[in-house]
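Novice: Have a look at the structure that comes next, please.
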Amino acid sequence: MMRLKGTKRLPPMTNAFFCDTDHYYCVRIAERTLRHAEHLCEEAGIKETGGIIIGHYEDEHSAFVNELSNPPSDSIRRKADFFRGAKNLRKLLEKAHRRGDYYIGEWHFHPNSSPCPSSADKKQMHAFARTTEIKCSEPILIIFGGNKNHWTIDVMVFTANHEYHLFCQSVRRSAPIRNGKAGTQPLTGTISPGS
Ligand SMILES: [Zn+2]
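This is how it looks when you write it as structure tokens:
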């Protein structure tokens, strides 16, 4: 099993698994979810986009990301800013609750740029961790960077006073692989650190 520090570059169509150095927090992101986010980022072009993370905890500190929402229509999207709106999120979350999923964090896109969180991003996530209103004391932040030629991703968990960077442990490709054999193949060794 490999571990990479810093920004991760992911091949397209991957199911990715991230943990912090102590393996305390773990986040698994479904392949179709990554592809959907990549599609939204591609569509967003040079403007930021984002939404909420919907999923559930497989155990106390291991989350499964089932859905990265579209940007709510009242979001404000600029070249280097994203203010997530809230329109229709209640409806989306009610639907998620029925299948056992709920709000577990936020995601957004830094077009043609590093996925590292800005100080404003961090401040916002600590504030979310502190508020009892959203009932999520350890929200996850996923940031995509780059563009369709080179996606990068950063995954973090925030508490009221701390932040934990999660590192890519493994990626899997479930699409047919080049030699023609279909099926799930571990791709450890094919991720490379981003810029
Ligand atoms: Zn940001």
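Residues in the sequence shown are numbered from 34 upward in steps of one, following this note's numbering. Idealized CB from N, CA, C, for every residue including glycine. Remember, predicted model here, so these are calculated numbers, not experimental data.
Unbroken alpha helix (DSSP H) runs of length 4 or more, entirely within the stretch 144-214: which are they?
Specialist: 152-163
Novice: With H, G and I counted as helix, E and B as strand and the rest as coil, what does DSSP make of E93?
Specialist: Coil.
Novice: Count the other CB atoms within 10 Å of the CB of A215; is the residue buried (16 or more) or exposed (fewer)?
Specialist: Residue placement at A215 is flagged as unreliable, the pLDDT there being 30, under the threshold of 50; a coordinate-derived value is accordingly withheld.
Novice: DSSP three-state call for E81: helix, strand or coil?
Specialist: coil
Novice: Helix, strand or coil: which one does DSSP assign to H56?
Specialist: coil
Novice: By how many angstroms is the C-alpha of S147 removed from the C-alpha of K112?
Specialist: 13 Å
Novice: So is the beta-carbon of D154 under 7 Å away from any non-hydrogen atom of ligand 1?
Specialist: At least one heavy atom of ligand 1 lies less than 7 Å from the C-beta of D154.
Novice: Assign R117 to one of three DSSP states: helix, strand, or coil.
Specialist: coil
Novice: Give me the Cα-Cα distance between F50 and S170, rounded to the nearest whole angstrom.
Specialist: Rounded to the nearest angstrom, the gap between the Cα atoms of F50 and S170 is 21 Å.
Novice: Is I86 a contact residue of ligand 1, with contact defined as CB to any heavy atom under 7 Å?
Specialist: no
Novice: R110 by DSSP, collapsed to three states: which one?
Specialist: strand
Novice: Give me the DSSP bridge partner(s) of H141.
Specialist: G83, I176
Novice: Can you find the residues in the same chain that come closer than 8 Å, C-beta to C-beta, to A162, ignoring five residues on each side of it along the sequence?
Specialist: Excluding positions up to five away in sequence, the list reads C169, S170, E171, P172, F191, T192, A193.
Novice: Per DSSP, which residues does R61 bridge with? Please list them.
Specialist: When beta bridges are read from the DSSP output, R61 appears opposite F50, F97.
Novice: Answer with yes or no whether the minimum CB distance from S170 to chain D is below 8 Å.
Specialist: Judged by its chain identifiers, the structure shown contains no chain D, having just a single protein chain.
Novice: Please state if the CB of W184 and the CB of E71 are separated by a distance shorter than 8 Å.
Specialist: yes
Novice: Please check the pair E75 and K181, which I expect to be a contact at CB under 8 Å, by giving their CB distance rounded to whole angstroms.
Specialist: 5 Å
Novice: Kindly list the residues whose CB is nearer than 6 Å to the CB of D134, restricted to its own chain and excluding five residues on each side of it in sequence; keep chain order.
Specialist: I87, G88, H89, N99
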